[in-house]
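Following: one structure in structure tokens, then a few remarks.
In full-length UniProt numbering, the protein residues as written are 1 to 287.
Laid out in structure tokens, this is it:
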């Protein structure tokens with residue numbers, strides 16, 4: 001019998017824990033969301049972050065620069081610097097994707113977030129520390145996937161693991177996590193020539209390609225563990241990389257929406273609370 005992961009329920013459990021932790025921290029925790037340009041999917045994700053923040057007692061403030069600022073490298077970097085240096089902001093994230101005009105500068109812009117406030121773990125410095133196991137927090141999507149495996153008592157040793165996609169949000173952090181655990185895995189893109197052959201033998205598939213329903217039921221083996229972290233919009237609906245019929249063949253399946261997504265948001269706020277505790281310790285140690 002396939003198990004469909006209820007990401008919303010798991011996120012609610014984390015939410016209850018975070019409410020208590022926010023109270024223990026005893027100071028205002030604030031997340032600044034830098035939103036550049038206009039993107040309906042981004043607005044939907046920001047709305048979820050606002051709602052989650054409000055439910056655990058965290059302020060979420062959206063910062064939106066004017067086009068004249070974000071079109072200039074120097075002006076945007078200076079504008080972001082003001083936000084990251086504001087002591088009221090516990091954590092800062094850049095809502096992705098960025099507008100097409102500045103998409104090629106994505107990493108440069110992400111690198112303007114100091115590691116002490118990088119709750120998304122996307123700056124080069126944070127990614128480097130995460131890769132070396134020297135970061136107090138983990139990539140939110142990796143945190144979500146790990147939580148799903150732990151809750152379902154899934155051990156990855158001796159399993160044939162495949163990651164689809166090499167993006168900064170899913171593929172890259174998932175690869176770094178598995179490397180850190182010394183677990184063998186294969187990385188594919190949708191264009192890989194041996195895609196069908198490798199997928200057919202996979203025990204665990206972690207997909208972050210963002211290509212709606214391209215992994216079909218007949219492409220995977222019985223009992224596969226299907227972790228869908230790829231999201232794309234189709235006719236106004238959020239779709240995952242696996243077609244829904246894969247759930248009937250899988251031993252574990254994360255749906256889109258309602259699987260990895262809600263948990264990733266919860267893990268983002270878990271990171272924020274951890275960083276707030278770090279700053280609290282740094283302040284108290286000075287007295």
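From the three backbone atoms N, C-alpha and C, an ideal C-beta is built for every residue, glycine too.
* **Residue from 80, 88, 126 and 117 whose Cα sits closest to the Cα of residue 109** => Locating residue 109 in the chain shown gives position 109, counting from the first residue. Minimum Cα distance to residue 109 is reached at 80.
* From the DSSP output, which residues share a beta bridge with residue 31? -> Here residue 31 refers to the residue found at position 31 of the chain shown. 60 and 91, per the DSSP bridge assignment.
* Asked: Buried or exposed: residue 284, going by 16 or more other Cβ atoms within 10 Å of its Cβ?
  -> Mapped onto the chain shown, residue 284 falls at position 284. Unreliable placement is indicated for residue 284, whose pLDDT of 40 sits below 50; no coordinate value is reported for it.
* Asked: How is residue 162 classed by DSSP in three states: helix, strand or coil?
  -> Within the chain shown, residue 162 is the residue found at index 162, counting from 1. Residue 162 falls in the strand class under three-state DSSP.
* To do: Take residue 239 and list the residues in its own chain whose beta-carbon comes closer than 8 angstroms to its own, dropping the five residues that flank it on each side.
  => For the purposes of this step, residue 239 is taken as residue 239 along the chain shown, with counting starting at 1. Shown here for residue 239: same chain residues with a beta carbon closer than 8 angstroms to its own, the five before and five after excluded, namely 212, 213, 231, 232, 233 and 256 in chain order.
* Consult DSSP for residue 185 and reduce its assignment to one of helix, strand or coil. => As a position in the chain shown, residue 185 is number 185, starting the count at 1. In this structure, residue 185 counts as strand in the three-state DSSP scheme.
* If you run the structure through DSSP and keep just helix, strand and coil, what is residue 172? -> Within the chain shown, residue 172 is the residue found at index 172, counting from 1. Residue state, collapsed to three classes: helix.
* Of all the beta strand (DSSP E) runs that stay within the bounds of the segment 196-258, which reach a length of 3 or more residues? -> Taking only runs of at least 3 residues, the beta strand (DSSP E) segments lying wholly in the segment 196-258 are 204-207, 225-228, 232-234 and 237-239.
* For residue 3, which residues does DSSP report across the bridge? -> Position 3 of the chain shown, counted from the first residue, corresponds to residue 3. 252.
* To do: Go through its chain and collect everything with a Cβ distance to residue 275's Cβ below 8 angstroms, but skip five positions before and after it.
  => Along the chain shown, one-based indexing puts residue 275 at 275. Result list for residue 275: 90, 91, 116, 117, 119, 136 and 137, in chain order.
* Would you say the segment 92-106 touches the segment 66-74, given that touching needs at least three Cβ pairs under 8 angstroms? -> yes
* What do you get for residue 173, buried or exposed, if any count of 16 or more other CB atoms within 10 angstroms of its CB means buried? -> As a first step, residue 173 is located in the chain shown; it is residue number 173 there, counting from the start. Buried, by the Cβ-count rule.
* Asked: Buried or exposed: residue 248, going by 16 or more other Cβ atoms within 10 Å of its Cβ?
  -> Position 248 of the chain shown, counted from the start, is the residue given in the question as residue 248. So residue 248 ends up on the exposed side.
* Reducing DSSP to helix, strand and coil, say where residue 135 ends up. => Counting from 1 along the chain shown, the entry for residue 135 is found at position 135. It is coil, neither helix nor strand.
* **Close beta carbons around residue 148, own chain, < 6 angstroms, minus the five adjacent residues each side** => The sequence position of residue 148 within the chain shown is 148, counting from 1. Spatial neighbours of residue 148 in its own chain (CB-CB distance under 6 angstroms, excluding positions within 5 residues in sequence) are listed in chain order as 5.
* Asked: Which same chain residues, not among the five before or five after residue 254, have their C-beta less than 6 angstroms away from its C-beta?
  -> On the chain shown, position 254 is the one that residue 254 refers to. Correct list, in chain order: 5, 227, 228 and 260.
* How many Å lie between residue 270 and residue 51 at the Cα? -> Start at 1 with the first residue of the chain shown, and residue 270 comes out as number 270. Start at 1 with the first residue of the chain shown, and residue 51 comes out as number 51. Looking at the two C-alpha atoms, the distance is approximately 15 angstroms.
* Asked: residue 74 lies in the alpha helix (DSSP H); which residues open and close that run?
  -> Here residue 74 is taken as the residue at index 74 of the chain shown, counted from 1. Per DSSP, residue 74 belongs to the alpha helix (DSSP H) from 73-85.
* Among 76, 34 and 252, nearest to residue 155 - alpha-carbon criterion -> Your numbering for residue 155 matches position 155 in the chain shown. For the residues 76, 34 and 252, the minimum Cα distance to residue 155 belongs to 252.
* Local conformation of residue 142 per DSSP, three classes -> The count along the chain shown starts at 1 and reaches residue 142 at position 142. Note: residue 142 maps to helix in three-state DSSP.
* To do: With a threshold of 16 other CB atoms inside 10 Å of the CB of residue 287, please say whether the residue is buried or exposed.
  => As a first step, residue 287 must be located in the chain shown, where it is residue number 287. The predicted model places residue 287 with a pLDDT of 40, which falls under 50 and marks its position as unreliable, so this point remains unresolved.
* Spell out a yes or no on whether the segment 55-64 and the segment 20-37 are touching, meaning 3 or more CB-CB pairs, one atom from each, closer than 8 angstroms. => yes
* Asked: So, residue 202 versus residue 162, is the Cβ gap smaller than 7 angstroms?
  -> For the purposes of this step, residue 202 is identified with residue 202 of the chain shown, where counting begins at 1. For the purposes of this step, residue 162 is identified with residue 162 of the chain shown, where counting begins at 1. Result yes, Cβ atoms of residue 202 and residue 162 sit closer than 7 angstroms.
* To do: Report all residues from its chain with a CB closer than 6 angstroms to the CB of residue 204; omit the five preceding and five following residues, and keep chain order.
  => The sequence position of residue 204 within the chain shown is 204, counting from 1. Only 159, 161 and 225 meet the Cβ criterion.
* Select from 210, 209, 54 and 186 the residue whose C-alpha is nearest the C-alpha of residue 199. => Here the question's residue 199 lines up with position 199 in the chain shown. Nearest option by C-alpha distance: 186.
* On a CA-only basis, which of 223, 244 and 19 is nearest residue 2? Give me that one, please. => Sequence index remark: in the chain shown, residue 2 carries index 2 (1-based). Comparing Cα positions, the closest option is 223.
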